[in-house]
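Undergrad: In the UniProt record's numbering, the protein residues as written are 1 to 146. Ideal Cβ positions, reconstructed from N, Cα and C, are used throughout, including at glycine. A single structure is presented below for examination.
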């Protein structure tokens, strides 16, 4: 990745951290939009909310697509954006616990944060989504960006 690619990556991470701040203030102590209005879809034990669908599957991807719309299609830029977004989604989620004034980081565990499914790796509990995103990010980097 070029220096410009890394700059794009850093700016997206900063935007995702900013997103964590406003999402923490919107949700407060009720993580995963537990008290938000709108539909919810159950996938086994996991519930996906309308709020998260519109934010993570519509709004953020549309904003990230702006450079591709403005300058035209560029496969390399597309993969830089997807790579940055995949990592940024994990950073945003973790930062929600760091910046939330009413749901502190000490509650980031399988016992207090039931909206995540968790995996134990060498005595450390990690949200399953973090592992999946890490694998996807490594694959994207390995095959499209190195």
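Where residue 22 and residue 10 are concerned, what is the direct C-alpha to C-alpha distance, given to the nearest angstrom?
TA: As a working note, residue 22 is residue 22 in the chain shown. As a working note, residue 10 is residue 10 in the chain shown. Residue 22 and residue 10: Cα-Cα distance of roughly 19 Å.
Undergrad: The ligand GDP and residue 115: does any heavy atom of the ligand fall closer than 8 Å to the residue's C-beta?
TA: Questions concerning the ligand GDP fall outside what the structure shown contains, since it holds no ligand whatsoever.
Undergrad: Starting from the Cα of residue 89, find the closest Cα among 73, 64, 103 and 74 and give me that residue.
TA: In the chain shown, residue 89 corresponds to position 89, counting from 1. Here the closest residue by C-alpha is 64.
Undergrad: Taking only the alpha-carbon atoms, compute the straight-line gap between residue 94 and residue 41 and give it to the nearest angstrom.
TA: Counted from its first residue, the chain shown places residue 94 at position 94. Counted from its first residue, the chain shown places residue 41 at position 41. Cα-Cα distance, rounded: 23 Å.
Undergrad: Is residue 140 closer than 9 Å to residue 92 when the C-beta atoms are compared?
TA: Within the chain shown, the letter at position 92 stands for residue 92. Within the chain shown, the letter at position 140 stands for residue 140. No, Cβ-Cβ distance for residue 92 and residue 140 is not below 9 Å.
Undergrad: Find the nearest neighbour of residue 111 within the set 122, 100 and 126, judged by alpha-carbon distance.
TA: Here residue 111 refers to the residue found at position 111 of the chain shown. The candidate whose alpha carbon is nearest that of residue 111 is 126.
Undergrad: In three-state terms, what does DSSP make of residue 106?
TA: Here residue 106 corresponds to residue number 106 of the chain shown, with the count starting at 1. Three-state DSSP puts residue 106 in a helix.
Undergrad: Using a Cβ-Cβ cut-off of 9 Å, state whether residue 83 counts as contacting chain C.
TA: Judged by its chain identifiers, the structure shown contains no chain C, having just a single protein chain.
Undergrad: For residue 113, which three-state DSSP category applies?
TA: Taking the chain shown and counting its residues from 1, the one referred to as residue 113 is at position 113. Three-state result, residue 113: coil.
Undergrad: Does DSSP put residue 32 in a helix, in a strand, or in coil?
TA: Counted from its first residue, the chain shown places residue 32 at position 32. DSSP places residue 32 in coil when its eight states are reduced to three.
Undergrad: Going by beta carbon distance, what residues of the same chain come within less than 7 Å of residue 78, once the five residues before and after it are set aside?
TA: As a first step, residue 78 is located in the chain shown; it is residue number 78 there, counting from the start. Correct list, in chain order: 68.
Undergrad: Pairs of beta-carbons, one from the region 95-107 and one from the region 127-137, closer than 8 Å: are there three or more?
TA: Not touching, per the Cβ criterion.
Undergrad: If you count every other CB in all the chains shown that lies within 10 Å of the CB of residue 20, and 16 or more means buried, which is it?
TA: Position 20 of the chain shown, counted from the first residue, corresponds to residue 20. Label assigned to residue 20: buried.
Undergrad: Here's the rule I'm using: 16 or more other beta-carbon atoms within 10 Å means buried, otherwise exposed. How should residue 85 be labelled?
TA: Here residue 85 refers to the residue found at position 85 of the chain shown. Buried: at least 16 other Cβ atoms inside 10 Å.
Undergrad: Where does residue 10 fall in DSSP's three states?
TA: Within the chain shown, the letter at position 10 stands for residue 10. DSSP places residue 10 in helix when its eight states are reduced to three.
Undergrad: Where does residue 147 fall in DSSP's three states?
TA: Lying before the first or after the last residue shown, residue 147 is absent from the chain, which here runs from 1 to 146.
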